[in-house]
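Here the structure comes first, spelled out in structure tokens, and everything after it is commentary.
Number of protein chains: 6
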Amino acid sequence: MAIDTKNPMHEPRYCGIPTFMRTPHATDLNHLDIALVGVPYDGAVEARSGARQGPRQIRDMSSMMRSIHHVTRINPYELCRVADVGDVHFSQIFDVAASHADIAGFYKRLHHCGIVPLSAGGDHSITLPIMRAVAADRPVGLVHIDAHTDCCDEEMNSKYSHGTPFRRAVEEGLLDPKRAIQIGIRGAANSDECWEFGPQHGIRIVYIEEFNRLGVDRVIDEVRHVVGEGPTYLSFDIDSIDPSFAPGTGTPEIGGLTSSEAQGLIRGLRGLNLVGADVVEVSPPFDSSGITALIAATIMYEILCILAEKIAGRS
Amino acid sequence: MAIDTKNPMHEPRYCGIPTFMRTPHATDLNHLDIALVGVPYDGAVEARSGARQGPRQIRDMSSMMRSIHHVTRINPYELCRVADVGDVHFSQIFDVAASHADIAGFYKRLHHCGIVPLSAGGDHSITLPIMRAVAADRPVGLVHIDAHTDCCDEEMNSKYSHGTPFRRAVEEGLLDPKRAIQIGIRGAANSDECWEFGPQHGIRIVYIEEFNRLGVDRVIDEVRHVVGEGPTYLSFDIDSIDPSFAPGTGTPEIGGLTSSEAQGLIRGLRGLNLVGADVVEVSPPFDSSGITALIAATIMYEILCILAEKIAGRS
Amino acid sequence: MAIDTKNPMHEPRYCGIPTFMRTPHATDLNHLDIALVGVPYDGAVEARSGARQGPRQIRDMSSMMRSIHHVTRINPYELCRVADVGDVHFSQIFDVAASHADIAGFYKRLHHCGIVPLSAGGDHSITLPIMRAVAADRPVGLVHIDAHTDCCDEEMNSKYSHGTPFRRAVEEGLLDPKRAIQIGIRGAANSDECWEFGPQHGIRIVYIEEFNRLGVDRVIDEVRHVVGEGPTYLSFDIDSIDPSFAPGTGTPEIGGLTSSEAQGLIRGLRGLNLVGADVVEVSPPFDSSGITALIAATIMYEILCILAEKIAGRS
Amino acid sequence: MAIDTKNPMHEPRYCGIPTFMRTPHATDLNHLDIALVGVPYDGAVEARSGARQGPRQIRDMSSMMRSIHHVTRINPYELCRVADVGDVHFSQIFDVAASHADIAGFYKRLHHCGIVPLSAGGDHSITLPIMRAVAADRPVGLVHIDAHTDCCDEEMNSKYSHGTPFRRAVEEGLLDPKRAIQIGIRGAANSDECWEFGPQHGIRIVYIEEFNRLGVDRVIDEVRHVVGEGPTYLSFDIDSIDPSFAPGTGTPEIGGLTSSEAQGLIRGLRGLNLVGADVVEVSPPFDSSGITALIAATIMYEILCILAEKIAGRS
Amino acid sequence: MAIDTKNPMHEPRYCGIPTFMRTPHATDLNHLDIALVGVPYDGAVEARSGARQGPRQIRDMSSMMRSIHHVTRINPYELCRVADVGDVHFSQIFDVAASHADIAGFYKRLHHCGIVPLSAGGDHSITLPIMRAVAADRPVGLVHIDAHTDCCDEEMNSKYSHGTPFRRAVEEGLLDPKRAIQIGIRGAANSDECWEFGPQHGIRIVYIEEFNRLGVDRVIDEVRHVVGEGPTYLSFDIDSIDPSFAPGTGTPEIGGLTSSEAQGLIRGLRGLNLVGADVVEVSPPFDSSGITALIAATIMYEILCILAEKIAGRS
Amino acid sequence: MAIDTKNPMHEPRYCGIPTFMRTPHATDLNHLDIALVGVPYDGAVEARSGARQGPRQIRDMSSMMRSIHHVTRINPYELCRVADVGDVHFSQIFDVAASHADIAGFYKRLHHCGIVPLSAGGDHSITLPIMRAVAADRPVGLVHIDAHTDCCDEEMNSKYSHGTPFRRAVEEGLLDPKRAIQIGIRGAANSDECWEFGPQHGIRIVYIEEFNRLGVDRVIDEVRHVVGEGPTYLSFDIDSIDPSFAPGTGTPEIGGLTSSEAQGLIRGLRGLNLVGADVVEVSPPFDSSGITALIAATIMYEILCILAEKIAGRS
């Protein structure tokens, strides 16, 4: 005897075991287009930790999401096969390199099956091993929305902290810096190098002050100009958004994006050739009212809509 | 021997039994112009509950309010007789229809005495029984500020949830859809019907994207064009405002109004022929710092100023 | 290609889609001994609501649980087939009777398959429809741990609130009052009837003052004396525990049980012929640090151990 | 036309303008036996402040209280005329002496009318001006439950801080130290004087260690032995209770009373000749879950029961 | 043997005893250019208190700051000698005048040594005694960013509350009202006088509505026009910023500045002849996520950059 | 010119840069008896993290402490030279072995100077490198108060997590298991090995159930019997205490010690030959009201008293 099957999307929003967006929990990768993935890892954080708890809280708040987008009227679930494939399984969590290997291994299986991953972190160091999977064949472009460039050479004498992934990605040939753009950058630093590495290699930086001058639409033009039509990865650090909207993160910087601007940016990426995307650095212990996770869930839904539209070949 | 009478408005803001705006608690309805009313009901909520506790927390934070408006220099207490008439008394709380009847009965007495009600919810389902009282004689116009249209046909197989009141109001002849405007609408849905019912019947919807393009002043022009000079009800759902400003609500949607825009909208309604107004969906359990209730109290004060000015015949 | 299967019990406690105790999510009822069930319903609460969110938060905190009990060395997963069967599906949530029918229907299917349910509420009204399933054949005994007797005749003119289930259960012939005991009762009331109904029908009440005098061991003796060896239901209201331990509930009463005493009580029930059990009234919005849900999860684990031992025939 | 009058005690606990225990708000002092009073003052606090907000939060949580005591079956509202007379009105709040004069003036009016005051603070300095009213005619005895003796000579070069009231009361002839007992004392100090003043003048101190050795019943014997049958004041500092139960206070000290022990102590005072009582030092900003205010409200209810019984001449 | 000296700026942000910005704690005033000072005083607050805890929380969050400004590339620590000189020592805290004398005495020593103070409050009353030190020789100009004018004549019958400092400063000849500008003013009042005193004496008020119309750049022009090149004090009340960004304050007013606008204003003051500055009214008990203290720390860092640049003679 | 020196112990408890207990911050190790040390490290935590922020929050709350113990009348500052030596400096934080080496190095310098360290963690893995310093010469005894034995062989395939330090200490010859006792052990486990290693090597385990049966005094007898008069280390994991008292920790287990029992245990260790002590696993993000840090600070003060008494040679 089986339990009645009902569409979880139509149940009250507080019901049910929480998967991302209430999608089915899939363990078979054979019939999926887009995988929603959790990466509960924060072992490479120099400031306040807690992002290890991000995937669970984002899953919980993502039940607030529904199916049809109010502007584009895209229903991603009608366009693509979408599922929650659970969290990356970690064999080690106290050694950054080993944990990164666990992550890369998980994404390589997804990549092998032709699945586009949309991930919830976890700290920003996870983007490097994800890129090792999705950019294994050739360098990709990058749309990177963040308060920080994450292009340091080292943090606390380590090459693999959450402040270094994009420098490593350039060095490892995963990221084509000429096709990379960073948006929302701000906040003091102890050294210029975090701001200089990118421009020296061709990365376009849109500091928050320039963002405010240009406005969302012209920044979108700039993004499209920079990344073009090639394969591109989208990485969204929740600390790009102002702490008033997103207090639940480890390294908040005041003077950031509004959530509305962030939504505008994502909608402006319709049609881009995205090979994967992530939303990172949500730290639930600092998000007592859950509004940070709500933004993360909504940004994931916005990304899901443009991914699904592109994959379904309609854009 | 009586306790000394002092003007509670001049006492420290943490003193005294909290009535709305520190107005007197009235039980006699014979000499009132405007009644401040609490409707502690959230029995028709499909998402997170807690709005039953809204009136108390709004009363508490409303002690932060003072008398003279800094822009218009209106002092509503010099223009009208204003009092807190307490909360609606409920004989039943576990049956939506019975609870709605309790609400309608309470407002009919106010209406009978010629009192204009300014209410604090409670969930948005309460607006229907309020309209059954204040619009009993003829359909009224509507200024509806909200993230959601609340025009679903059913939620969880019920016709009377907090997602359906304005559809019911049209069907019951309480609301003239041609004189109705909804502002701030956004967020995904499981069906198009919530967005389609209104336009099919003549309701003007200003989605948040259009709001952002037009700006407050032009939206006010649109409001005045739509509702004209006839009797009009004003319903303000706190989830119209962005969750960074108003986390304390059951169904938050990112990308909303700022509190400043909301104040601008209310001020733009000076002179409208308002027959009543409400501020709903404040859910204190999700408002740990009280800033949502502070907005609700301030919006009530802004509405009180324009109500008083109109009633006093000065506009 | 499938995702690697790992034992979720051995993963870090913040990993994975949260099922109760990290057990598998089952939709097939054919091979189960014990079902862990969520009942996200709080539509019959007269005080502060929020228990609708209980099952999710208890699931989240239940990842803190592990397999082997440190006192009894019972490993319930080696003794029985245990799974999370998800939440009761609701077709209606705004009508108490209809919601209760949804609950009863769900449990009847479990009962039909010979599965013993261990549930997480939800408000205490849910115990009545659960008993309509598990006690359908004959009245059962009851071990009821709570601050309140929940034996009112009516609350807010309703027969089916969270303050009335056990009176209804007696009236409906589901509960044998001679084999019922209530432990931890305290707090003022507006009428004696809530305390008088039970004794008039033979229910044994152990007020908290008597509990403190007797101590855990002698109360256990009393329980065993009252319920004997017949089929018995165990209902644990989290507000039995003192608010310092369990702030996250709607109707807290000071002067309650310690969590240690509660654990002692459950362990004392080894060998009882339990036909089902529940832990109710966890209200996450009032449980900011999660310690209430932690107690609920641990009490569920303690109950699971004694259920599994009994079912496996070892006691 | 008047609003329907209903018994607020029978309404849902989140309804209505919150008075203490939902009693009527009285401004006429002529027909009262017991006055519930708020003293929103914390201008004499050396540690964390916030007790100025105590009366409001205690009023809010006191709606959880009901009428009949579950042990004694006392219903204080049937025995005496009880009302909330509001808060003390302050003409000055930045000068301790002036504020204390405002307090004393308020209580003198109550005292003149033969009303017994039961107060909610506010910081502990308020007990001195209250005693100046209720003990104006002759020194009274004292039951003082607290973590601190509040018998310093000076704090921060002031004679009138919240650490000095009982020394002043002895010096001013308001308090008979031979009929005074302090219970629950603990925590380090910078000088012995706070512990030495009392014994030098005959005050009996029961440190928490002695309390734990003796147990509640023998401490009650000691209280009765010390204060006898003369007029006695009862002062309950919420920091007597352990911070796990009562985190919302300015100077918490670990290792304190349980709320159950506190209830036991109050119940043990039945029949004492109490001329007034207070519950002080509840600081809502540190009481995020409201459990401290719940204890304060319950302790006030417990005191109300014994006051009413005594005044009604039954004990 | 000494502990290894390391640059605290390069340690993880949660390490070390928290001084402001991780600067050295100085007790010798002979070799300093800029002193970071804490003034833990909130004895003159009429609304919610807690600002006494401000300096500690701001120090804690200020560890998030680093050295090089991302826009101006100013590194204040290379330009000037900056240190945390600790908190003002108070001999009295229960008498406003005595506490203000303690503050003035502390700042006179700094002033005597030619040190420019950058302070963290404390309530806004502290600015008056600070000005008594830094403006002892001649009246100074003022850039005052706040929701309130703080120009009342009295609050609660006191001349020296946190609502009166700038009126007193004009009266005492410390402040030249012709060279004073107030930005961000808003919120209702009980009397016009708070808005009228300033204009009557030549103070320029930029209400928030005018601020929103003009924009940051034109307001900066206005500031420079008003204060000119003479000595000027900068006072930043955190409640100038909207409560969504800065909930942790005692008298929040909705509809305020964004943190980005506040940063823009400070950056626009480069080159001004500042004799001191403060950031006041941060109340940690209402700042559960720490975002208010983060803004305060960042605003202090922004001010530090322009102070250091000016002092170093580069602008 | 120097800032006036005042005794920080006599200032209001919210004043000053927070060192442990308001002791002086020492960088010179030549004239110290007892060093208070912070170890802000949580890189070896398998559950919820956040203990890296422990030292700062404990420092902040430790200002609540004063000098003279209310039971023993010990004033540790009159008996010994006590200072806060700051936090361990970390050159690496992403490699457990390297971080442990940083810790060991710091403590070796203290040990070399004959200073007894009293530390605030940090996660429990820090006790191993501390013991590598203080037990470098010979194995020491251990009083270990904790919910967990921390004697696992591996966690997440690592030998050096916070669940393994005491097994490693035995293996490395730092700990004499025959002179070790563990108190308060409870909570389920996935393997028996964590409970079996100790007894197999002679460690005495007092499970919480035995603790509750024996009571504090008899457990103290057992401790003294086990550790005798040899050099002994004291390690206090805050999760030994029940989560109602100490919610701010990563791996809470219900049914734990009360804070009063913990104080009793420490006081019972007077005269022991302690070579060092620590209080670990305070995780501020889960301690919203600060009561966990308050317990940690008080336990440190209790330990400081017995350390000072012993070192001063008086016991």
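Chains as they are written, first to last, in our numbering: chain A, 12 to 326; chain B, 12 to 326; chain C, 12 to 326; chain D, 12 to 326; chain E, 12 to 326; chain F, 12 to 326.
We put the CB at the ideal spot given by N, CA and C, even for glycine.
Where VAL96/D is concerned, the enclosing beta strand (DSSP E) starts and stops at 93 to 98.
The C-beta distance from ARG278/C to VAL82/C rounds to 7 angstroms, short enough to meet the 8 angstroms contact threshold.
Cα atoms of GLY152/A and GLY195/A: separation of roughly 18 angstroms, rounded to the nearest angstrom.
Residue range 151 to 156 is occupied by the beta strand (DSSP E) that includes HIS155/E. Burial is judged here by how many other beta carbons sit within 10 angstroms of a residue's own beta carbon; GLY324/C has fewer than 16 and is exposed. The beta strand (DSSP E) runs lying completely inside the stretch 168 to 241 of chain A and spanning 3 residues or more are 186 to 196 and 215 to 218, given in chain order. Annotation for VAL291/B: the continuous beta strand (DSSP E) segment containing it runs 285 to 291. Taking the Cα positions, LEU318/E is about 48 angstroms away from LYS17/B. Here the alpha carbons of PRO140/C and HIS159/A stand approximately 54 angstroms from one another. Taking the C-beta atoms as reference points, ILE252/E is found nearer than 9 angstroms to GLY267/E. Flagged as an interface residue toward chain A: PRO254/B, by a C-beta distance shorter than 9 angstroms. A straight line joining the alpha-carbon of HIS236/C with that of LEU283/C spans about 11 angstroms. Note: VAL50/A is bridge-paired with GLY132/A in the DSSP secondary-structure output. Every alpha helix (DSSP H) stretch that sits fully inside the stretch 242 to 308 of chain E and reaches 4 residues is listed by chain position as 270 to 278. Separation of ASP44/C and VAL50/C (C-alpha to C-alpha, rounded to the nearest whole angstrom) is 19 angstroms.
Here the stretch 175 to 194 of chain F makes contact with the stretch 130 to 144 of chain F; the two share three or more CB pairs at distances below 8 angstroms.
Interface annotation, GLU57/C: in contact with chain B, CB-CB separation under 9 angstroms. If you ignore the 5 residues before and after SER270/F, its C-beta comes within less than 7 angstroms of the C-beta of ILE252, PHE256 and ILE306, all in its own chain and listed in chain order. In the three-state reduction of the DSSP assignment, ASP44/D falls in the coil class, being assigned neither a helical nor a strand state.
Per DSSP, ALA13/D is not a residue of any alpha helix (DSSP H), being assigned neither H nor E. When THR262/D, LEU245/D and GLU89/D are compared, the shortest CA-CA separation from ALA200/D is found for THR262/D. If the five residues before and after HIS36/D are omitted, its C-beta is found closer than 6 angstroms to the C-beta atoms of THR30 and ASP95, all from its own chain and listed in chain order.
Taking VAL99/A as reference, the option from ARG63/A, VAL93/A, SER74/A and PRO23/A with the minimal CA-CA separation is ARG63/A. ASP106/D has a beta carbon lying within less than 9 angstroms of a beta carbon in chain E.
Counting along the chain, the unbroken alpha helix (DSSP H) around MET142/A starts and ends at 138 to 145. Cβ-Cβ separation between VAL293/F and ILE310/F: approximately 10 angstroms, too far for a contact (criterion under 8 angstroms).
In this structure, GLY275/F keeps its C-beta atom at 9 angstroms or more from the C-beta atom of ILE302/F. Chain-ordered, the chain F residues with CB closer than 8 angstroms to the CB of SER60/A read ASP53, SER60, GLY61 and ARG63.
For ALA112/D, the nearest beta carbon of chain B is not closer than 9 angstroms to its own beta carbon. As the crow flies, the alpha-carbon of PRO210/C is around 10 angstroms from that of ILE192/C.
Residue contact with chain A for PHE177/F: absent (no Cβ-Cβ distance below 9 angstroms to any residue of chain A).
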